[in-house]
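Residues in the sequence shown are numbered from 22 upward in steps of one, following the working numbering.
Working notes for the structure below.
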Amino acid sequence: MKRQQIAAGNWKMNKNYTEGRQLAKAIADGMDESENLAILGVPATHIKAVSGIVKKVANLEVAAQNCHQAESGAYTGEISVSMIKSVGAKYVILGHSERREYFNEGHELLAAKVNTVLGKRLIPIFCCGEPLAIREAGTHVAHVKKQLEDSLFHLKKNAFSKIIIAYEPIWAIGTGVTASPQQAQDMHKAIRALLADKYGATVADGTSILYGGSVKPANAKEIFGQPDVDGGLVGGASLKAADFLQIIHSF
Ligand code: PGA
Numbered sequence: 022m023k024r025q026q027i028a029a030g031n032w033k034m035n036k037n038y039t040e041g042r043q044l045a046k047a048i049a050d051g052m053d054e055s056e057n058l059a060i061l062g063v064p065a066t067h068i069k070a071v072s073g074i075v076k077k078v079a080n081l082e083v084a085a086q087n088c089h090q091a092e093s094g095a096y097t098g099e100i101s102v103s104m105i106k107s108v109g110a111k112y113v114i115l116g117h118s119e120r121r122e123y124f125n126e127g128h129e130l131l132a133a134k135v136n137t138v139l140g141k142r143l144i145p146i147f148c149c150g151e152p153l154a155i156r157e158a159g160t161h162v163a164h165v166k167k168q169l170e171d172s173l174f175h176l177k178k179n180a181f182s183k184i185i186i187a188y189e190p191i192w193a194i195g196t197g198v199t200a201s202p203q204q205a206q207d208m209h210k211a212i213r214a215l216l217a218d219k220y221g222a223t224v225a226d227g228t229s230i231l232y233g234g235s236v237k238p239a240n241a242k243e244i245f246g247q248p249d250v251d252g253g254l255v256g257g258a259s260l261k262a263a264d265f266l267q268i269i270h271s272f
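The following block contains the structure:
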């Protein structure tokens with residue numbers, strides 16, 4: 022895929038159906054056609070309605086926040102990629118630190134989910150990032166490298182080139198503490214170098230690498246302005262239309 026500037030929102034488990042539709046509509050109404058790509062990562066119950074709303078705007082798309090790795094079957098309570106696709110989402114967020122931590126999602130499971138998503142021609146937004154202790158120990162680059170190697174590097178070049186990466190230091194998620202623009206740039210540069218080693222410069226240069234962790238209207242411009250930062254995955258600030266629109270306008 023072509024490297025793109027992207028503002029992706031991750032609503033997590035917030036907004037009921039009515040509130041979600043209102044939020045999506047306010048964002049759609051506030052975007053103009055020339056804008057960079059924006060993606061709304063909404064709860065599964067909202068995907069169909071939000072897909073209908075964003076259809077009217079050229080650069081606005083919908084992501085699911087998770088999926089099951091199997092194509093279908095006896096997995097009570099789970100949602101398949103085909104289901105997600107059938108209601109209009111084009112992206113699936115995978116490997117978010119909350120999924121890794123609270124739902125024990127490890128690298129093998131994530132690799133299987135990546136395969137299933139790509140198999141249905143949807144696009145994974147694959148999250149990686151280190152906890153505070155690893156950052157303080159100074160081994161954050163090795164930590165993130167291993168997360169990417171373990172869950173993505175089985176992919177052939179063509180498949181890998183569809184992936185969007187989101188670097189989200191866990192200590193910055195929902196804490197109000199943002200990585201400095203330089204810390205984000207350093208990690209993104211390291212990720213791109215790793216991709217160049219594995220898949221070559223063309224794939225590395227073509228991969229969108231988003232930063233996530235307390236992105237807000239006040240800091241988006243500076244973070245997105247870093248040469249290897251292609252946009253953001255935004256939690257809290259994506260729940261207010263005015264804030265998210267300001268972030269979308271930050272490129
Ligand atoms: P935050 O969340 O913007 O609220 O820190 C980011 C994320 O978890 O994707």
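By construction, the Cβ of each residue, glycine as well, lies at the ideal position given by its N, Cα and C atoms.
- The closest CA to that of serine 103, considering only Thr39, Val138 and Asn125, is found on Val138.
- A direct Cα-to-Cα measurement between serine 259 and threonine 39 gives close to 16 Å.
- The residue among Ser107, Ala180 and Lys111 with its C-alpha nearest the C-alpha of alanine 59 is Lys111.
- In the three-state reduction of the DSSP assignment, tyrosine 123 falls in the helix class.
- As a beta-bridge residue in DSSP terms, tyrosine 112 pairs with Ala84 and Ile144.
- The alpha-carbon of serine 55 is positioned some 13 Å away from that of serine 271.
- Contact between aspartate 171 and histidine 128 holds: their C-beta atoms lie close to 4 Å from each other, under 8 Å.
- Between the ligand PGA and the CB of asparagine 87, the shortest heavy atom gap is not smaller than 7 Å.
- Per DSSP, the unbroken alpha helix (DSSP H) holding alanine 217 starts and ends at 202-220.
- Residues of the same chain with a CB within less than 8 Å of the CB of histidine 164, apart from the 5 flanking positions on each side, are Glu151 and Ile155 in chain order.
- Nearest C-alpha to leucine 169 among Lys178, Ile114 and Cys148: Cys148.
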